[in-house]
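Student: Under my numbering, the first residue of the first sequence is numbered 2, with each subsequent residue one higher.
Don't be surprised by glycine CBs; every beta carbon is placed ideally from N, CA and C.
Dropping a structure here in C-alpha cells format, bear with me for questions.
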Amino acid sequence: MKKYPEYKKLDLAQISKDVLAFWEQDHTFEKSLSSREGQTPWVFYEGPPSANGLPGIHHVMARSIKDIFCRFKTLQGHQVKRKAGWDTHGLPIELSVEKSLGITKEDIGKKISVEQYNIECRKDVMKYTDKWENVTKIMGYWVDMQDPYITYDNKYIESVWWLLSNLYNKNLLYKGYTIQPYSPAAGTGLSSAELNQPGCYRNVKDRTAVAMFKTSDTLFGTDLPTYFLAWTTTPWTLPSNTALAVGADIEYVLVKTFNPYSGIPVQVVLAKDLMGKYFNPKANEVAFNDYKAGDKLIPFEEINTFKGRDLAGCRYEQLLPYVTPEGDAFKVVVGDFVTTTDGTGIVHIAPSFGADDFRVAKQNGISSLTLVDKRGKFLPEVKDGIFLYGEEYVKEAYLTDAEKQQAFEQQKHILEANGKIKELKVYLSVDERIVLKLQEENKLFKKETYEHSYPHCWRTDKPVLYYPLDSWFVKVADNREKLVKLNQQINWKPEATGTGRFGNWLENALDWNLSRSRFWGIPLPIWQSEDKTESICIGSIEQLQNEIRNAISKGVMNANPLNDFKPGDMSAENYNTFDLHKPYADNIVLEKNGKPLYRESDLIDVWFDSGAMPYAQLHYPFENKALIDEKKFYPADFIAEGVDQTRGWFYTLHVIGALCFDSVAYKNVVSNGLVLDKNGNKMSKRLGNAVDPVETIEKFGADATRWYMIANAAPWDNLKFDMEGISEVQRKLFGTLYNTYSFFSLYANVDNFSVDKNNMVPVSERVELDRWIISKLQTLLEEATAFYESFEPHRAARAIEDFVDEHLSNWYVRLSRRRFWKGEMSRDKQAAYETLYTCLSTLAQIMSPIAPFFADWLHQNLNGQGGSVHLTYLVKMDAALQDKALEERMDMAQKISSMILSIRKTEKLKVRQPLQRIQIPVLDKTYQEKIEQVKDLILSEVNVKEIEFVNESQTQIVKQLKLNFKTLGKKCGKHMKAVQAYAGNHSADIIQQIEKTGKYSLTLEGDEIVLETEDVEIIPVDIPGWKVANSGALTVALDITLSEPLKQEGLARELVNRIQTIRKEIGLEVTDKILVKIQQNSSLDAAIKNNLSYICSETLTSDLQLVASLPQQANVSNIEVDELVSTLISIEKLN
RNA sequence: UGAGAUAUAGCUCAAUGGUAAGAGCAGCUGCCUUAUACGCAGAAGGCUACAGGUUCAAUCCCUGUUAUCUCAACCA
C-alpha cells in the first residue's frame, strides 16, 4: 500500500466534500473545542444575521474573516467557542409578512389579530434557516448551529428586559418628547431605516422665503424700523416660529436699505458673509435719495456690525400672530448649528418641526407652538380668512386632486374678491400664500424657488414632516465622554473606522430612541399609570409574575398568564409556558400605590436586541452570571461585521456595554468592506449581478473562494468580485501546491519512504538548499503569524502564496528534483524528503485558517487519515533555523540565474544548450564568497559549466558610482543636487580615490563635503566585449561561444528530452528500463557516442544501439532533434 | 449636505521621504526540461488622479480640487 495517497488531478470541490464528510463524522469542530478545554479562552461573538433574508456572497466574505481568526486562535491553543445567533425581530420581517399576507400596517388588529400576525412573523423569520445552515456548512464556517441564540426566545427577552431595567434603575431610560420623522399620510412615525429605503430622499422644489422679523431693540437705534432676516424652506412652519438662532462667532451687520417690495426704508440684520446674496454691489453708487420704490438697484449701507453672541437675547415681534405661545418666546438665541453657507445666517426656529430647533429652544427655555395636527393640517386657529383658512393640509402633496380643485375654487374666490390677486389660475400652496401674506404685510425680503432633497414616506410616497412625538430614550448624549474613552481601548481594523466614522459618531451621539410602534419585537417592559406618576420597569419573569400576583390581589387583573412559570427552573419547557410578545404583554395590567399601570405600547428597537447579545446569549444574569461578572466570557476578544454595522451592531454593543457594565463589549473589531461585482457596482438581485454563494462554492470549492476573497483585497477595502480571480487562485496556489505534494508522494512512494519524525536528519547537516527553504519557512511562519495576530489575513495569504509559488515550487523543488530520482535511498535523499515534508505540513497548518478543507486534506495525506490539522498546535517559528545570510545568498542566485536566462533569451540560446562559462566581476572578497556558496545551483539552473570571478587585474571592468542619499542627504543638505551633478561628472575620479583612501572631498560654495565609503556604492556594470546583464548591484557576463563538444552535448540533451517524451507517451513508469534504437545520422552520431553514458543514465536506457535503418513499425517514431537534424527512433521496455 | 474610504501598468493589487515604483492576470515572444501547458522563461507596459505647499529630496507628509464607493442625514 502506498503510504502517501496519489491523485490523478486536483478537484477542490471534491476535496471540500470529502473533508466536510470527515468533519461531520469525526465531530472535528466539537473536538477543536473539547481538546482546548481549560486553555485560555479567546472570546468571539457572532453577530446575528436575519434568517429572513437569503445568504449572499458578502456573507461568505464576512464569515470567512470570522472563521479565519477563530481557527487561527484555536491553532495557537486557545479555546474558541462560537455560538450562532439569529436576529428575528424587526421591520424587514414585518414587511415581508405584510407582503405575503397582502395587508398593510393599518390592517393589523383589524383584518388579522395581533396574535395571529405575530405567529406569522415567528414562522416567516426562520424560513431560510436551512439555506443559511447549508452555506455555513459548505463554506467551512465553524459555528455552533445546534444551540443558537434566538432573539425572540423568552430567555433572550428576559435578559434584554434585565438590561433595560438596569438602565431604567440607573435613570438612563426616559420618556421624551422629541422631533421625529413622521408621515401624516400613514399616521405613523418613521424609523431612520424606513427613511433610508431607496428613493426616500427626493429632490423637490419648494417655495422659500426670507422673512423679516421686526425688532425694537435699542441696539439698532430708533431711526428706522429694524428687522432680522431669516430664510426658510418651509414657510408653513412660520406661524409656529418662536425664536431665531444666530451663530455665536458669526459676524452680523446692520444694513440700512429699503423693503424691496414696498420700497419702505428699513434696517435689516444678517450675516456679513451673506450680504452678497441680497445686495448688488452696483447699488453702492446709487444715492439713497434717488431711490424710488420698484427700482431694480436698491441702495444699501452698512451701519454697524455685531457678533452673534451680542445679538442673543434681542426680542422681536411675532411674525404671524395666530396663536400666542405660553411662556417665553420671540427671542434671539445662539445655536451651534448655524452657518453662513445658506440663507442669512439667522435661522428661523419652530421647535415643533425641527430637531435642531427643538433642542435649541429647550436649552434656552423657549416655548413652542405646534400649529399642525397629526393629519398634517393646520389647527383651526391658523386662519385669517384671506390667505389661510384653518384646518388645511400644510403640504400640497397631501391633497387629492379633488380636494385640490375644491381648495383652488375657494382661494380664487376669496383672493380675487379681496383684490389680492387679479386672476388666480392655479392652486396656491400654503407656502405660497404665506409668502404672499408676508409680502402684503411688508415682512418679506426675498422669495425664490429652491430645489433640495427631502425625505418621503416609503409607503405613501408623501413628504415626511418632522413632528414632536413621545418616545422612550436611552440617555446616550450625557455619556458621550465615557463612550469615547472606552472606544480608545478598542483595536479597530481599519483604524480610521474607529477614530473617524465611529469616533466622530460617538462624539456627537444623540440619545437613542428605543421606541418602535410596531408589532413583532421585544415589548418595552415598562408599565405606567395613566397620570404618569407611577411606573414599573420589569427586569425578570419572576418579578413580572410577582407583580401580576399583586395586581390580581388588588383586583386590576383576573388571571395570571405566568402561572405555570417556575422561578429558578431554566429548562426550555418552563420558558415555553408563556409568551412575552404582543398582545400578551399588553394584556397585563399591574398595580402600584392604588393605581393601575398599563404597558407602554411601544416595542424596542431591534438593534437593542442584537446589542444585548453578549449577555442575552448566556441568559445573563439568570444563568452564567460569573462568565460576565468575572469577565470570563466578556468582553469579546474579537468581532467582525461589515462597515454598515458601524452605527448598527458595533454601536449598540458599545452603548450597552458602556452604560450597563462600564466596559467595552469587544477588544478587537474588523469591519469589512462591501463585495461589489467585477465592475465595481453594487450587487443586487434586481440588476442580476449578484453572485450565488452556493453555486460558486460548488464550482470552485470553498477554499479557492475563501482564499480569493481574502487575498485579493484587505478586508476593509471593497472587493470587486471576479470569478476569474478564483480560478487564478485555484491554479496558481492550489494547483502548484497540489503538484508539489504529487511530486513528494510520487517519489516517496517509489522509494517506500516515510517520514519518521523522531529520526530526521538534523537541519544543520542538510545541504544549503534545504537549509535555505527551511529558513524561508521560518520567515513565513513568523510573518504569517504576525499578520494573523494583527488581523491582516490578506497579508498572511499573500505571504503564503509567495512562498509556495516562488520559493518552494519554482526554486526548491525544481533544483532538488535530481536528488529525489537518482539512485538508492541516501542520507541526502532522506534530508530532501524531510525538508519537503516539513514545508508541506507546515504550510497545511499556516494556511488552514483560510483554506480549511484543502489544508486538512493535505495534512491527512501527509500524516495519515483521521487526524485533523485543525486540532494540531501551530509550530512556532524557530529562530535557530533562520539564516538571513543564506536567504540573501539564495536571492542573489535567483537573480543571477534570471539574468543569465535573460542573456540567453536575447542571444537565442536555449537553456538546453550547455555553455562554457559565466564571468562575474567582483570588487570585494565577501561578495565573491557569497556567490561561491551558491555557484552550483546557478550553474545547474542555467546550464553553464563554470563561473569565473574576475577582478580589475584580469580584465577591464566598467564601474558605476551610486550615491547613498540617506547618509548624504543628512551630510549635504541643500548641496545635495550640486553633489549629485558633481558626482555625475567626476565619477571615475571619485571611484578611484574612494577605493584607494576611502575618502573623497569636494568643495561647494565654500562648504567642504567629504564622501566616505558609506556614502557611495561602487558597482561593476560592464565587461567590454562580453554579453552582460545587470540588476541592482549584480552584474554578470556570459560566454556564448559554442565549441564542438558543447554543441554535441546540446544535441545529446535534446535527444534525452525526446526520449523522455516518448517514454511518457507510451506510458512507461519512471523506473522502467528501456532499449533504444536510433537510426544513424551523420550530424548526430558523434554527439551520441560522446555523451552515451549521460544519455543512458538520464533516460534509464540499458542499451542504446545506433542502427543503419529502422523499419516503419508502430514503435518507431520520427524525431526532430533540432531544426536541422531528424532521425528515427524506437523504444522498447525491458523486463 | 456632512463624515469616512479609495485613486499607482489595460485589470486586480504591492511598496517606499532617497538613484532604474514592484507582483499576478490579460496581451506579446519563446519554451511540453521523467510534479505541473491549470506549467515555465523572457520582453514590453507607469508625468504613482489633478493643483499647490513642506523638504536638499515627495508617489509617500500637509492643503485644496476632481472622480468613485460607503455610511449618516431636520442642517434654515
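#1: Only counting the same chain, and skipping five residues up and downstream in sequence, which positions put a Cβ closer than 7 Å to that of glutamate 303?
#2: Can you check which of these residues, Asp154, Val1117, Val695, is closest to serine 572 by C-alpha distance?
#3: Compare the C-alpha of glutamine 364 against each of Leu389, Ala14, Gly377, Gly336 and name the closest.
#4: Spatial neighbours of tryptophan 858 within its chain, please: CB distance less than 6 Å, with the 5 preceding and 5 following residues excluded, ordered by chain position.
#5: Quick check: threonine 737 and serine 810, are their CB atoms within less than 8 Å of each other?
#6: Decide if the stretch 123-142 is in contact with the stretch 690-709; the criterion is three or more beta carbon pairs, one per stretch, under 8 Å apart.
#7: State buried or exposed for histidine 90, treating a residue as buried only when at least 16 other CB atoms are found within 10 Å of its CB.
#8: Based on the DSSP secondary-structure assignment, which residues constitute the bridge partners of serine 1127?
#9: For phenylalanine 259, which of Ser1002, Leu225, Asn753 has the nearest alpha-carbon?
#10: According to the Cβ coordinates, are threonine 1100 and arginine 1064 closer than 8 Å?
#11: Only counting the same chain, and skipping five residues up and downstream in sequence, which positions put a Cβ closer than 8 Å to that of isoleucine 1019?
#12: Among the candidates Gly681, Cys201, Arg600, whose CA atom is the shortest distance from the CA of valine 465?
#13: Can you check whether the CB of serine 160 is closer than 8 Å to the CB of alanine 659?
#14: Using a 10 Å radius around the Cβ and a threshold of 16 neighbouring Cβ atoms, would you call tyrosine 838 buried or exposed?
#15: If we count Cβ pairs, one from each stretch, closer than 8 Å, do we get three or more for the stretch 770-790 versus the stretch 866-884?
#16: Could you check how far apart the C-beta atoms of phenylalanine 579 and leucine 563 are, in whole angstroms? I think they sit under 8 Å.
#17: On the DSSP bridge assignment, give the partners of threonine 216 in chain order.
#18: Does DSSP put glutamate 643 in a helix, in a strand, or in coil?
#19: Taking the alpha carbon of valine 477 as the reference point, which residue from Asp718, Ile657, Glu31 has its own alpha carbon closest?
#20: Suppose you measure from the CA of tyrosine 967 to the CA of leucine 1035; what does that come to, to the nearest Å?
#21: Smallest Cα separation from serine 1131: which of Asp1123, Glu1124, Ala1109?
#22: For the ligand FAD, is there a heavy atom less than 7 Å away from the beta-carbon of glycine 985?
#23: Note down the Cα distance separating glycine 522 from phenylalanine 788, rounded to an integer number of angstroms.
#24: How about valine 333 and glycine 314: do their beta carbons lie closer than 8 Å?
#25: I need the boundaries of the beta strand (DSSP E) containing glutamate 482, first residue and last residue.
#26: In three-state terms, what does DSSP make of glycine 25?
#27: Expressed to the nearest angstrom, what Euclidean distance is found between the alpha-carbon atoms of lysine 936 and threonine 927?
#28: Quick check on alanine 510: buried or exposed, where buried means 16 or more other Cβ atoms within 10 Å of its Cβ?
#29: Nearest to glutamine 831 by alpha carbon, out of Trp812, Asp752, Ala886?
#30: Kindly identify the DSSP beta-bridge partner or partners of alanine 1220.
#31: Report yes or no: do the stretch 1023-1039 and the stretch 881-898 share at least 3 C-beta pairs separated by less than 8 Å?
#32: Touch check for the stretch 1078-1094 and the stretch 936-950: three-plus C-beta pairs under 8 Å?
#33: Any contact between the stretch 860-871 and the stretch 902-918? By contact I mean 3 or more CB pairs, one from each, below 8 Å.
#34: Is the beta carbon of arginine 316 closer than 8 Å to that of aspartate 385?
#35: Let me make sure I understand the geometry here. Which of Asp125, Lys215, Ile539, Phe307 has the alpha-carbon closest to that of leucine 174?
#36: With distances taken between CB atoms, is the gap from tryptophan 822 to glutamine 920 smaller than 8 Å?
Tutor: For this structure:
#1: Mapped onto the first sequence, residue 303 falls at position 302. Excluding residues up to 5 positions away in sequence, Val254, Val256 lie with their Cβ nearer than 7 Å to the Cβ of glutamate 303 in the same chain.
#2: Reading the first sequence from its first residue, position 571 is the one you call residue 572. Comparing alpha-carbon positions, the option among Asp154, Val1117, Val695 lying closest to serine 572 turns out to be Asp154.
#3: If you number the first sequence from 1, residue 364 lands on position 363. Ranking the options by Cα distance to glutamine 364, first place goes to Gly336.
#4: As a first step, residue 858 is located in the first sequence; it is residue number 857 there, counting from the start. Beyond the five residues adjoining it in sequence on each side, tryptophan 858 comes within less than 6 Å, by CB distance, of Ile16, Val20 in the same chain, given in chain order.
#5: Residue 737 sits at position 736 when you count from the first residue of the first sequence. Residue 810 sits at position 809 when you count from the first residue of the first sequence. Yes, Cβ-Cβ distance for threonine 737 and serine 810 is below 8 Å.
#6: Cβ pair count under 8 Å is three or more, so yes.
#7: By 1-based counting over the first sequence, the position of residue 90 is 89. Buried is the label assigned to histidine 90, since at least 16 other Cβ atoms lie within 10 Å of its Cβ.
#8: Taking the first residue of the first sequence as position 1, residue 1127 is located at position 1126. Paired residues: Glu1121.
#9: Numbered from 1 along the first sequence, position 258 holds the residue referred to as residue 259. Checked all of Ser1002, Leu225, Asn753; the closest Cα to phenylalanine 259 is Leu225.
#10: Here residue 1100 corresponds to residue number 1099 of the first sequence, with the count starting at 1. Here residue 1064 corresponds to residue number 1063 of the first sequence, with the count starting at 1. In terms of Cβ geometry, threonine 1100 and arginine 1064 form a close pair [threshold 8 Å].
#11: Locating residue 1019 in the first sequence gives position 1018, where the first residue counts as 1. Once the five neighbours on either side are set aside, the close Cβ partners of isoleucine 1019 are Leu924, Lys960, Gln961, Leu962, Lys963, Ile992, Ile995, Glu996.
#12: The residue you call residue 465 lines up with position 464 of the first sequence. Of the listed residues, the one whose Cα sits closest to valine 465 is Cys201.
#13: As a working note, residue 659 is residue 658 in the first sequence. As a working note, residue 160 is residue 159 in the first sequence. Cβ distance not < 8 Å, so alanine 659 and serine 160 don't count as in contact.
#14: Taking the first residue of the first sequence as 1, we reach residue 838 at position 837. In this structure tyrosine 838 is buried. Its beta-carbon is surrounded by 16 or more other beta-carbon atoms within 10 angstroms.
#15: Contact holds: three or more Cβ-Cβ distances are below 8 Å.
#16: Looking up residue 579 in the first sequence gives position 578. Looking up residue 563 in the first sequence gives position 562. Phenylalanine 579 to leucine 563, Cβ: 5 Å. Contact.
#17: Taking the first sequence and counting its residues from 1, the one referred to as residue 216 is at position 215. According to DSSP, which records beta bridges pairwise, threonine 216 is partnered with Thr227.
#18: Within the first sequence, the letter at position 642 stands for residue 643. Strictly speaking, residue 643 in this sequence is glycine, with glutamate absent from that position. Here glycine 643 carries a strand assignment [DSSP, helix/strand/coil].
#19: Taking the first sequence and counting its residues from 1, the one referred to as residue 477 is at position 476. The option with the nearest alpha carbon to valine 477 is Ile657.
#20: Position 966 of the first sequence, counting from 1, holds the residue named residue 967. Position 1034 of the first sequence, counting from 1, holds the residue named residue 1035. Residue 967 is actually lysine in this sequence, not tyrosine. Approximately 21 Å between the Cα atoms of the pair.
#21: Mapped onto the first sequence, residue 1131 falls at position 1130. Nearest to serine 1131 by alpha-carbon distance, out of Asp1123, Glu1124, Ala1109, is Ala1109.
#22: With respect to the ligand FAD, the structure shown offers nothing to examine, as it has no ligands at all.
#23: Your numbering for residue 522 matches position 521 in the first sequence. Your numbering for residue 788 matches position 787 in the first sequence. Cα atoms of glycine 522 and phenylalanine 788: separation of roughly 41 Å, rounded to the nearest angstrom.
#24: Residue numbering aside, residue 333 sits at position 332 when the first sequence is read from its first letter. Residue numbering aside, residue 314 sits at position 313 when the first sequence is read from its first letter. Here valine 333 is near glycine 314, since their CB atoms are less than 8 Å apart.
#25: Position 481 of the first sequence holds residue 482. Unbroken run through glutamate 482 is the alpha helix (DSSP H), 481-488; no beta strand (DSSP E).
#26: Against the first sequence, residue 25 aligns to sequence position 24. Per the sequence presented here, residue 25 reads as glutamate, with glycine not at that position. Taken through DSSP and simplified to helix, strand or coil, glutamate 25 comes out as helix.
#27: What you label residue 936 is simply residue 935 of the first sequence in a count that begins at 1. What you label residue 927 is simply residue 926 of the first sequence in a count that begins at 1. Rounded to the nearest angstrom, the two C-alpha atoms are 14 Å apart.
#28: Numbered from its first residue, the first sequence carries residue 510 at position 509. With 16 or more other Cβ atoms within 10 Å, it is buried.
#29: Counted from its first residue, the first sequence places residue 831 at position 830. The shortest Cα separation from glutamine 831 among Trp812, Asp752, Ala886 belongs to Asp752.
#30: Here the chain covers residues 2 to 1136 and nothing more, so residue 1220 does not appear.
#31: Cβ pair count under 8 Å is three or more, so yes.
#32: Fewer than three Cβ pairs drawn from the stretch 1078-1094 and the stretch 936-950 lie within less than 8 Å of each other, which leaves the two stretches out of contact.
#33: Segments in contact, no.
#34: The residue labelled residue 385 in the question sits at position 384 within the first sequence. The residue labelled residue 316 in the question sits at position 315 within the first sequence. No, they are not a contact pair.
#35: Stepping through the first sequence from its first residue, residue 174 is reached at position 173. Nearest Cα to leucine 174 within the set Asp125, Lys215, Ile539, Phe307: Ile539.
#36: Taking the first residue of the first sequence as position 1, residue 822 is located at position 821. Taking the first residue of the first sequence as position 1, residue 920 is located at position 919. Their beta carbons are not under 8 Å apart, which means tryptophan 822 does not touch glutamine 920 by this criterion.
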